[in-house]
Amino acid sequence: MRIKTLLFIFLLFGYLSNAQKLSIRGKVQDTISKKPLQNAVIIATKLSDSTLIDFTRSNEEGFFEIKELPIDTYKVVISFKKFGDKIMYVIGTNKSFEFNFDKIIMPPKSVDLDEVTIFAYKDPVYYKGDTLIYTADSFKVKANATVEDLLRRLPGVKVDANGKITSQGKEVSKVLVDGDEFFGTDPTMATKNLAANSVESVQVYEKKDENASADNTSDETIKVMNLKLKDDAKKGYFGKISGAGGSNFQKDQKPLYEGDLLINKFRNKQKISLFALGSNTPKTGFGWSDIDKYGLENERDWNYDEENNTWTNDNDQGQGVPQTLNTGIYYSDRLSKKTKINSNYSYRNNLMVTESEQYSQYFLTDTNYTTNNYTKNIDKKQGHVFNMNLEHDLDSLTKLTITPKLNYKTSSGEYYTENNFATTEGLVSRETKNTNATNSSNYTASSGIRVTRDFKKKDRFLNLYYYIDKGANEGSGQLSSTNLFYTDTIVGLNDIDQKKQTNSNNITHQASVSFLEPFTKKIKGEATYEFIYNDNNQSKESLNKVNNDYSLLDSIFSNDFSNSKMVNQAKLRLIYEIKKYRLVIGTRARQVSLSNTNNYNDSVLKLSVNNILPFINYNYNFSQNMRLYLTYNTNSQQPSINQLQPLRNNANQNFITLGNPNLIPTFQHQFNLNFNSYKPISGKYMWLGGNYNITQNAFSSSLVYDSIGRSISTATNMNGNYNGAAWIGANWPTLKRQLIFSVNGNSNFSSNNNIINNVVNTTRNSNINGSTDITVDLEKFYFNIGGRYEYNIPYSTINNQNNKPYTSQIYNASVRIELKKKFFIESDAEYTIKSKRANGYNIEYAIVNAAISKHFGKLENFIVAIKAFDILNQNIVANRQVYNNIITDSRTKIITRYFLLNLTYKFNSQKTKDEGRDD
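Numbers 1 to 919, taken from our numbering, label the letters of the sequence shown in order.
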């Protein structure tokens with residue numbers, strides 16, 4: 001027995017003596033001559049507790065070696081008296097224990113941001129200055145993997161279900177390929193279509209937004225990711241063909257379909273893309289959900305409503321029943337070493353049918369009433385869009401950029417509305433029916449010219465810019481409105497039968513010049529001047545019917561105006577920057593002149609406004625991965641022409657708006673705070689922030705409700721308006737990033753004043769919400785579960801019946817499982833509870849989707865899938881809005897349960913198979 005024990009101890013000792021030990025070696029060289037540095041000090045400390053484990057010095061050849069280190073994670077610091085420190089992190093494992101740094105170039109002491117290198121998986125992930133670089137081959141992925149699959153493996157990088165990329169807690173705004181945009185501005189174009197094994201390295205850095213306007217005072221940067229390709233991967237093609245058909249098995253529903261075709265060819269810097277998209281399911285929604293995906297960055301249908309000072313977008317995904325077609329071509333090339341061109345053309349044709357119901361409660365000082373509304377809208381739109389971007393290097397320091405754009409589109413719509421007015425007891429007093437049919441066509445043509453110049457003196461920079469935009473619109477319509485009264489005490493309301501004609505044209509000139517000058521290494525100054533001139537003409541005719549002919553002009557609802565606006569603005573910025581922080585102090589001096597001529601009576605309305613608008617930005621870097629950002633900004637907004645003119649619009653007789661020539665400009669104070677912390681080795685990060693905005697002389701409304709429930713709204717100025725928000729969140733990856741915990745908290749609040757029946761009303765809204773989720777991400781299994789709770793607190797001084805809190809709860813889960821023989825099962829579910837609302841709008845519903853797919857072929861590039869959407873047939877769009885003295889609950893009809901059979905074929909020129917995985 002004693003002999004066996006001694007033998008066991010001997011064998012155990014032999015095993016331990018031969019267990020893997022970590023070793024580090026390299027050669028230290030100076031910055032300029034690259035000569036070996038003797039007697040450089042190399043220190044290895046354990047990262048977990050900063051314990052000194054070993055140290056050594058380099059010999060006369062600059063060589064050093066530290067051996068026999070226990071397997072662990074180490075911080076390695078290399079020091080030499082004439083140079084800055086070189087810092088590296090070494091992550092040792094039983095498979096990765098020998099690290100040869102080869103030549104190590106010491107940084108000069110003048111470098112603010114030391115290069116930090118992280119060694120793991122036998123290949124480096126390192127910081128070079130401000131750029132974080134991942135060596136792609138260090139992270140093995142599955143066969144036929146895309147760049148998106150690769151990114152999911154990188155420490156500190158997160159990719160959500162929609163392909164949105166977050167690095168170190170901040171969203172990536174641009175993804176470049178070898179320094180250029182890849183088929184447009186959408187990051188997912190490169191990440192979803194390029195093969196992972198074509199990438200040499202992934203570079204992440206921050207830069208100032210080149211498209212920021214001269215009015216922008218913020219120095220906050222955008223996150224950019226650059227994919228550096230291997231030499232043999234800079235030519236080829238990729239694409240996919242996908243088609244799906246199915247039904248929701250309802251008698252009145254046409255067959256459902258989805259289809260898309262994408263063919264992309266690239267060779268060095270030349271890229272050509274052809275695409276076509278067609279669908280009558282919610283996949284693409286209405287508008288153009290794939291605009292960014294296919295590089296058509298200027299086709300967003302954002303429209304500015306001057307009367308209400310709001311931006312609206314036609315891309316109402318999930319609202320109504322859509323039918324969409326989008327097709328086009330994209331081309332980009334580097335014509336020479338100095339010239340680069342990007343251009344695209346697209347055609348689109350969309351139809352959206354929307355049916356909705358609304359229940360509104362109106363609270364006044366002396367009475368309350370309700371309305372039940374039904375609306376059905378049919379929108380048809382088609383358009384042609386051409387965009388181009390031409391860049392030419394005039395010399396090594398000067399760049400010229402020209403950006404012409406053409407847009408022509410037509411639209412037509414039929415809008416039907418029924419309104420029932422009733423007492424709180426349910427007694428209907430009157431009913432209105434309104435039909436409005438419209439047709440319009442418009443074009444815009446614009447071009448921008450920008451010249452930028454760097455100088456031999458570091459940070460000196462000149463920016464010249466000129467932009468011209470010209471457009472015209474023609475439209476016609478038919479308005480019909482009828483009224484039914486159910487009580488004898490109500491004064492009658494005239495029916496309407498009118499023809500509408502509209503014409504408008506506008507031209508805008510914009511020019512700016514800015515110059516940045518470094519005074520010292522720490523202090524820079526920038527001066528900017530901007531000039532804007534806009535000329536706009538618009539006429540609207542309302543024609544009443546006489547003897548079966550619409551020929552009698554209704555002067556009350558007709559107008560003809562010529563408007564002009566001129567802006568002169570000067571901006572000065574002083575920038576103080578050192579290693580840890582950056583401070584920007586500046587001000588804008590702005591003069592705005594408005595002129596409006598009524599061509600019917602030759603009356604002229606003029607307004608001139610002068611503003612001094614200071615701003616401050618402060619950015620503190622605790623480290624490369626922990627930052628604090630503070631801003632204070634001021635702004636002033638002038639009233640629009642429509643807000644100034646006392647015009648009437650009878651498109652909806654129940655809601656009439658009027659302008660006010662006595663309006664004065666607003667003045668806004670804006671405060672922002674953002675904090676971000678990221679740990680590169682663990683991938684943990686957290687963020688928090690907040691904002692607070694105060695508006696003096698805010699544009700508001702003076703509402704008058706008459707005896708039949710109509711509201712007449714007149715623009716007015718009010719003080720005491722403010723809004724703000726606060727948020728906090730964190731992610732905790734663990735178990736080699738296979739288990740991730742996330743938590744988020746948000747709060748929003750606002751206070752707005754207006755006048756209702758000559759009584760000042762204050763409306764306050766507060767919203768508190770929080771969410772959490774857990775993600776399990778294994779090689780063949782993905783699972784996510786989470787929840788969100790939202791508590792809303794409305795408040796109105798005019799009537800306390802408006803002050804009723806309401807809640808929303810959302811619970812969600814998703815799963816993806818890879819089975820044998822390349823079968824995949826996917827499912828996601830979302831359960832929503834909306835409570836404390838009007839009768840019929842307190843609803844609970846669950847949306848469950850599922851799919852089973854089979855991948856065929858050696859590259860798994862032919863996919864057959866059966867997909868089921870809204871399996872429980874409960875999908876609905878339900879919302880609540882509380883504003884001023886009104887609570888509105890709404891529901892919109894959408895496509896519910898349906899099934900699709902989907903066939904997809906993906907192809908590319910890189911048919912190599914990447915073996916192995918990252919375990």
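Ideal placement from N, C-alpha and C gives every residue a C-beta, glycine not left out. Predicted model only: the values in this text are computed from it and were never measured.
Compare the Cα-Cα distances from residue i to each of the options and report the closest residue.
i, options, result
"S332", "N473, N377, K380, S273", "S273"
"S682", "E577, P733, L739", "P733"
"E431", "I78, F485, G448, Y533", "F485"
"D180", "I755, R153, M225", "M225"
"I866", "S827, P107, V546, A878", "S827"
"F783", "V759, V815, N803", "V815"
"G770", "Y692, T807, N761", "T807"
"P404", "S396, S440, N344", "N344"
"I78", "T45, T695, R450, I91", "T45"
"R152", "Q538, R737, F667", "R737"
"N503", "S542, D469, K522", "S542"
"S441", "N407, K103, K269", "N407"
"T888", "T775, N842, K679, Q382", "N842"
"Q29", "K81, S242, T424, F461", "K81"
"P70", "F63, I91, K821", "I91"
"T904", "A868, V864, R880, N875", "V864"
"R932", "I641, T657, S640", "What is shown of the chain runs 1 to 919, which leaves residue 932 out entirely."
"L150", "Y845, E779, K524", "E779"
DSSP has residue i in a bridge; who is on the other side?
i, result
"S332", "K271, N342"
"Q591", "N568, N610"
"P794", "N765"
"P36", "Q29"
"L628", "Y620, F675"
"L739", "T734, V776"
"Y486", "Bridge partners of Y486: none, in fact."
"Q250", "None, per the DSSP bridge assignment."
Classify residue i as helix, strand or coil using the three-state DSSP reduction.
i, result
"A190", "helix"
"S555", "helix"
"L673", "strand"
"S138", "helix"
"I133", "strand"
"L229", "strand"
"K836", "coil"
"E148", "helix"
"S481", "strand"
"L703", "strand"
"S682", "coil"
"W311", "With a pLDDT of 35 at W311, under the threshold of 50, the modelled position of that residue is not reliable, and the figure given next carries that caveat. Looking at W311 - three-state DSSP - the assignment turns out to be strand."
"N852", "According to the sequence as given, residue 852 is Ile; it is not Asn. I852: strand per DSSP, three-state reduction."
"L11", "Unreliable placement is indicated for L11, whose pLDDT of 43 sits below 50; the coordinate value is still reported in the next sentence. Correct three-state label for L11: helix."
"A651", "coil"
"I641", "helix"
"N719", "coil"
Measure how close the beta-carbons of residue i and residue j come, nearest whole angstrom, since I'm counting them as under 8 Å.
i, j, result
"A145", "A196", "4 Å"
"T327", "F266", "No, T327 and F266 are not in contact; Cβ-Cβ is about 20 Å, not under 8 Å."
"Q801", "N494", "Not confirmed; about 33 Å, so no contact."
"N799", "F363", "4 Å"
"K223", "V199", "So it is not a contact: roughly 18 Å between Cβ atoms."
"R25", "A40", "About 13 Å; that fails the 8 Å criterion."
"I575", "E526", "7 Å"
"W687", "G729", "5 Å"
"A715", "N660", "4 Å"
For residue i, I'd like the list of residues in its chain whose CB is within less than 6 Å of its CB, leaving aside the five on either flank, ordered along the chain.
i, result
"Y325", "The question names Tyr, yet the displayed sequence has Leu at residue 325. Same-chain partners within the cutoff: G278, N349."
"I532", "Q510, V567"
"N389", "N342, T403"
"V451", "L400, L464"
"D870", "I847, T896, R897"
"S751", "Y722, R764"
"A214", "Summary for A214: the model assigns pLDDT 49, below 50, so the residue's position carries little reliability; its value from the coordinates is reported in the next sentence. Excluding residues within five positions, the ones whose Cβ falls inside 6 Å are S512, T528, E530."
"I817", "F781, I825"
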